[in-house]
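Read in the working numbering, the sequence shown has 270 at position 55, and its numbers run on one by one without any break.
From the three backbone atoms N, C-alpha and C, an ideal C-beta is built for every residue, glycine too.
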Amino acid sequence: MAEAADIQGASPAPVRRRWLRRAIVLLAGTPVLAALVYAPAPQAEAAQASSVDVQLVSMAPSAPVKGDTLTIEGTVVNTGSETITDAHVGLRVGPALTDRSSIDETADRNGFRAGTDPGEIDSAHAVKIASLPSKVTQNFTLTVPVNKLELDKDGVYQLGVSLSGVTESRPSEQVLGIKRTFLPWQPEAAAKRSQLTYVWPLISATRVTAETGSDELQTPVFLDDSLSEELKPGGRLEQMVTLGKDLPVTWVIDPDLLYTVDAMTKGYRVRGANGKSVQGKNKAVAEQWLSSLEAAVQGKKVVALPFADPDLASLAHHGKDVSGTLGQLRPATDKAKNAVQTVLHVPASTDFSWPVNGAIDPSIVNVATSAGAHNVLTRSDSLVESGALGYTPSAARPIGAGTTAVVADAELSTAFEGDMLNAGPSTLAVQRFLAHSLALNLQKTEEQRNFVVAPQRMPSVSQARSMAAAIRGLQGGRWTQPADLEAAAAAKPDPGAATQVPGAGQYPEDLRKQELPVSAFEKIRTTQNTLDHFKVILAAPDRVVIPFGNTINREMSTSWRGRPDEARLYRDQVQEYLIGLTEKVKVIPKSDATLSGHSATIPVSVQNSLVQDVHDLVLRVKSANPSRLMFGKSGQAEQQVTVQGDHTQTVKFPANATASGPVEVTAQLFTKDGIPYGKERRFTVEATEITPTVMLVIAGGVLLLVLAGIKMYASRKRVAARAAAEESTQPSDESPDTEPQSTEGSGTSETVDR
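1. If you count every other CB in all the chains shown that lies within 10 Å of the CB of Gln-855, and 16 or more means buried, which is it?
2. Do you know offhand how far Leu-753's Cα is from Gln-822's?
3. Please list the segments of the beta strand (DSSP E) lying wholly inside the region 645 to 724, counting only runs of 3 or more residues, in order along the chain.
4. Closer than 6 Å by C-beta to Ala-586: which residues in its own chain qualify, once you throw out the five before and the five after it? Chain order, please.
5. Decide yes or no for the touch test of the region 787 to 802 against the region 844 to 851: beta carbon pairs closer than 8 Å, at least 3 of them.
6. Span of the beta strand (DSSP E) holding Leu-592?
7. Under 7 Å Cβ to Cβ from Thr-618, same chain only, skipping five residues before and after it: list those, please.
8. Could you tell me which of Lys-368, Val-558, His-813 and Val-621 sits nearest to Asp-566, measuring between CA atoms?
9. Tell me whether Thr-695 is buried or exposed, calling it buried when 16 or more other Cβ atoms sit within 10 Å of its Cβ.
10. Over the uninterrupted alpha helix (DSSP H) stretch that includes His-748, give me the two end residues.
11. Go ahead and label Pro-333 buried or exposed: buried means 16 or more other beta carbons lie within 10 angstroms of its beta carbon, across all protein chains shown.
12. Alpha carbon to alpha carbon, how far is Glu-383 from Val-247? Give it in angstroms, no decimals.
13. Quick check on DSSP: helix, strand or coil for His-532?
14. May I ask which residues mark the beginning and end of the alpha helix (DSSP H) holding Ser-316?
15. Report the residue from Leu-306, Ala-404, Asp-634 and Lys-407 whose alpha carbon sits nearest the alpha carbon of Thr-358.
16. Residues in the same chain with beta-carbon distance under 7 Å from Met-682, minus the five sequence neighbours each way, listed in chain order, please.
17. By the DSSP assignment, the beta strand (DSSP E) with Gln-454 in it spans what residues?
18. Leaving out the 5 sequence neighbours to the left and right, which residues in its chain are closer than 7 Å to Leu-655 when beta-carbon positions are compared?
19. Please determine, among Asp-807, Val-878, Gln-678 and Asp-861, the residue with the shortest C-alpha to C-alpha distance to Ser-842.
20. Do Thr-903 and Leu-810 have their C-beta atoms closer together than 8 Å?
21. By how many angstroms is the C-alpha of Lys-894 removed from the C-alpha of Ser-806?
22. What did DSSP end up calling Pro-869 once you bin it into helix, strand or coil?
23. Using DSSP's beta-bridge definition, name the partner residues of Lys-498.
24. DSSP puts Gln-855 in a beta bridge; with which residues?
25. Any chance the CB of Leu-689 is under 7 Å from a heavy atom of the ligand ADP?
26. Taking Ala-815 as the reference, which of Thr-766, Arg-687, Arg-769 and Lys-867 has the closest Cα?
27. Counting pairs of beta carbons, one from the region 290 to 300 and one from the region 702 to 709, are three or more of them closer than 8 Å?
28. Which of the three DSSP states is assigned to Phe-522 in this structure?
29. Alpha carbon to alpha carbon, how far is Phe-327 from Val-252? Give it in angstroms, no decimals.
30. Could you tell me which of Thr-286, Val-269, Ser-419 and Asp-725 sits nearest to Pro-276, measuring between CA atoms?
31. Let me know the secondary structure DSSP gives Ser-811 once reduced to three states.
32. Does DSSP put Ala-345 in a helix, a strand or coil?
33. Please tell me whether Leu-473 and Val-558 are closer than 8 Å, where the distance is taken between their beta carbons.
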């Protein structure tokens, strides 16, 4: 009534103005009225807000409760050309946002919008800045008791941190810059809390080549030593383990990473620039990381992807029609469980497949389940929801044939894909993540639901730290409680949830462009065929089959996405190295030979430069002209060959010449299945036939030589006998009684005859 009297006692114009000012003060938080008040120049007001850049560095606590004090630290930068005076940094708290789309709309809004952005809270909590010159940065810290924020109900509140001030060209106070974030408010535990599963991926790029040492351990050769940088303190993988060990997450691991690091602990080599390998120097780093990981996963759920994390979409779109390609998936899955058990000594589930970014179509689902997995980890932006439910359904969706699509929430899963190097973007991402998680739980449904977060496969260090900060923000358990991936897959599906797998035409084009081409799978098939052909002759085939089998899996790895040239080079080098090994078993090139006579033997040598024995080989020689040169009773002959490691075996083949002249002979190795092995060798044999007449002439000549020899021997005998007789009849000058001298002369005569 008093206010009415004031109005009645005043002149009409001043009364109307005073009433309008009071109404504006009382209803400043009402969007409709505020919009009416500022309607004349909303665009100008928004444009004026661009002269100051406001950044939020930290916000603690990220999810406060009653009695807490909210502390916001940040910076303001005067990006304009004029000095700002009489400025202050204030906090603006808006009404609770009604849904998830409101959160996204608020986060994407730029500049101050009068009538939409709320007014400042009590100015007593503002930070005053007397002067802010052009291009100057000023730090600030806002400290506000939570009970001063007037948070009247559970929900997600918009927070705005703004700088207001004046400049020479704008003498009245205006909002010159603003940054928005969110405050999740659920001070008491909700009666119904969501089950939240966070996938914590341990995946890295392929580093191991097909090359191994000749020692007993078959020391592996790495492409480079960059993995050690990820394993060192502060490195990406070290941080994933250090952060993840204290978080309620499900570890999703590529077994190839475990095998690779385990190989480093036993000694490894690194390919040098000149093609020669050098000893790796980070064995201790690998040992420390594996030890930390083993401790971190004890008592936690571990999911093992197929070995080397195969690119399921590439296999489905380009590889399935190349024979033998899909056959690689089952062995890759079998290796997975063994790797985790052997290296980490914990059980692992292999019942999950994870296409890139969770994008699926019918062919991807078929390939994903062909390795034995019954659960396909997909993403909500790959399954189109009808919107009829009015809320987000649980993650588990039956999609037919006993397969469950475990649908990760797209907003939560992509929350930390941006640049998190600076504290500002990280803080905003964490608050937005928490806001969405609370908004999910506040949706109107009586059923408890399960939500899954499947982030990028290889988060950077800063992204991993932001992810960890978000998970820690949920550990109060006021609106979510942790669950593992197996539990999420086994949860009761919502009967109204979308289960239709999108068609092939809906697969994202940007992902399709990154897939491995058909030529990649054709090269993989060539390598597999070469390996199959090679292993049958080896006495210890596992020394070759295991490293090359693992390498073939690595050629299909998801980690090659975005690196087509490197992937092509890797495949080429694998095939070249394998061919080089097969060529270590070969027929040694042979020079031309001459075969004189009706029959003879032709030696052919097989060399084995491998460190192991080879067997089940057949060496076959073949005459190009059997009418002139024969082996046995036909134009070819063969013998089984076994050659010890680093030895050469010579095989002799009997040959028969039926006519004179040159004959080309081919020597070729074959496997026991009759498949040619290695290069054939050709050489020429000069065959010379010897007729009976020639043999008689040769025999006559030999007889004449023998007779001449006999005649010469007899003649020499007669000459020697005559000389002896003449000597015995010659008179002696010595006395008859000198008998000893006569005896001595007789002895001399005997010595000559002997």
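The short version:
1. Here residue 855 refers to the residue found at position 640 of the sequence shown. By the 10 Å Cβ count, Gln-855 comes out exposed.
2. As a working note, residue 753 is residue 538 in the sequence shown. As a working note, residue 822 is residue 607 in the sequence shown. Cα to Cα, Leu-753 sits roughly 14 Å from Gln-822.
3. Those beta strand (DSSP E) runs which fall completely within the region 645 to 724 and span 3+ residues are 665 to 668 and 695 to 697.
4. Your numbering for residue 586 matches position 371 in the sequence shown. Closer than 6 Å at the Cβ level, and outside the excluded window around Ala-586, lie Pro-521, Leu-544, Arg-545 and Thr-548.
5. no
6. Residue mapping note: residue 592 aligns to position 377 of the sequence shown, counting from 1. Here the beta strand (DSSP E) through Leu-592 covers 590 to 594.
7. Mapped onto the sequence shown, residue 618 falls at position 403. Cβ within range, chain order: Val-580, Thr-584, His-589 and Val-591.
8. Start at 1 with the first residue of the sequence shown, and residue 566 comes out as number 351. Ranking Lys-368, Val-558, His-813 and Val-621 by Cα distance to Asp-566 puts Val-621 first.
9. By 1-based counting over the sequence shown, the position of residue 695 is 480. Thr-695 should be labelled buried.
10. Numbered from its first residue, the sequence shown carries residue 748 at position 533. Segment 733 to 750, the alpha helix (DSSP H) holding His-748.
11. If you number the sequence shown from 1, residue 333 lands on position 118. Pro-333 should be labelled buried.
12. For the purposes of this step, residue 247 is taken as residue 32 along the sequence shown, with counting starting at 1. For the purposes of this step, residue 383 is taken as residue 168 along the sequence shown, with counting starting at 1. Model confidence at Val-247 stands at a pLDDT of 34, short of 50, so the residue's coordinates are unreliable and nothing is read from them.
13. Indexing the sequence shown from 1 puts residue 532 at position 317. Three-state DSSP puts His-532 in a helix.
14. The sequence position of residue 316 within the sequence shown is 101, counting from 1. Ser-316 -> alpha helix (DSSP H) spans 315 to 322.
15. Within the sequence shown, numbered from 1, the residue matching residue 358 stands at position 143. Selected option, being the one with the closest Cα: Leu-306.
16. Counting from one through the sequence shown, the residue named residue 682 turns up at place 467. If we look at Met-682 and ignore the five residues flanking it on each side, its Cβ neighbours are Phe-631, Pro-670 and Pro-674.
17. Taking the first residue of the sequence shown as position 1, residue 454 is located at position 239. Counting along the chain, Gln-454 sits inside no beta strand (DSSP E); it lies in the alpha helix (DSSP H) bounded by residues 451 to 459.
18. On the sequence shown, residue 655 is found 440 positions in, with the first residue counted as 1. For Leu-655, the CB contacts under 7 Å within the same chain, skipping 5 residues up- and downstream, are Ser-409, Thr-607 and Phe-666 in chain order.
19. Taking the sequence shown and counting its residues from 1, the one referred to as residue 842 is at position 627. Nearest option by C-alpha distance: Val-878.
20. Here residue 903 corresponds to residue number 688 of the sequence shown, with the count starting at 1. Here residue 810 corresponds to residue number 595 of the sequence shown, with the count starting at 1. For Thr-903 and Leu-810, yes; Cβs fall inside 8 Å.
21. Sequence index remark: in the sequence shown, residue 806 carries index 591 (1-based). Sequence index remark: in the sequence shown, residue 894 carries index 679 (1-based). Roughly 16 Å between the two C-alpha positions.
22. Numbered from its first residue, the sequence shown carries residue 869 at position 654. Assigned with DSSP and collapsed to three states, Pro-869 falls in strand.
23. Along the sequence shown, read from residue 1 onward, the residue named residue 498 stands at position 283. For Lys-498, which the question treats as bridged, DSSP gives no partner whatsoever.
24. Within the sequence shown, residue 855 is the residue found at index 640, counting from 1. Val-833, per the DSSP bridge assignment.
25. No copy of the ligand ADP appears in this structure; indeed no ligand is present at all.
26. Locating residue 815 in the sequence shown gives position 600, counting from the first residue. Minimum Cα distance to Ala-815 is reached at Lys-867.
27. no
28. Working through the sequence shown from its first residue, we reach residue 522 at position 307. In this structure, Phe-522 counts as coil in the three-state DSSP scheme.
29. As a position in the sequence shown, residue 252 is number 37, starting the count at 1. As a position in the sequence shown, residue 327 is number 112, starting the count at 1. Because Val-252 carries a pLDDT of 32, less than 50, the predicted location of this residue cannot be relied on, and no value is offered for it.
30. Within the sequence shown, the letter at position 61 stands for residue 276. Out of Thr-286, Val-269, Ser-419 and Asp-725, Thr-286 has the C-alpha closest to the C-alpha of Pro-276.
31. The sequence position of residue 811 within the sequence shown is 596, counting from 1. In the structure shown, Ser-811 sits in a strand (DSSP, three-state: E or B).
32. The residue you call residue 345 lines up with position 130 of the sequence shown. Under the three-state reduction of DSSP, Ala-345 is assigned to strand.
33. Mapped onto the sequence shown, residue 473 falls at position 258. Mapped onto the sequence shown, residue 558 falls at position 343. Contact: yes.
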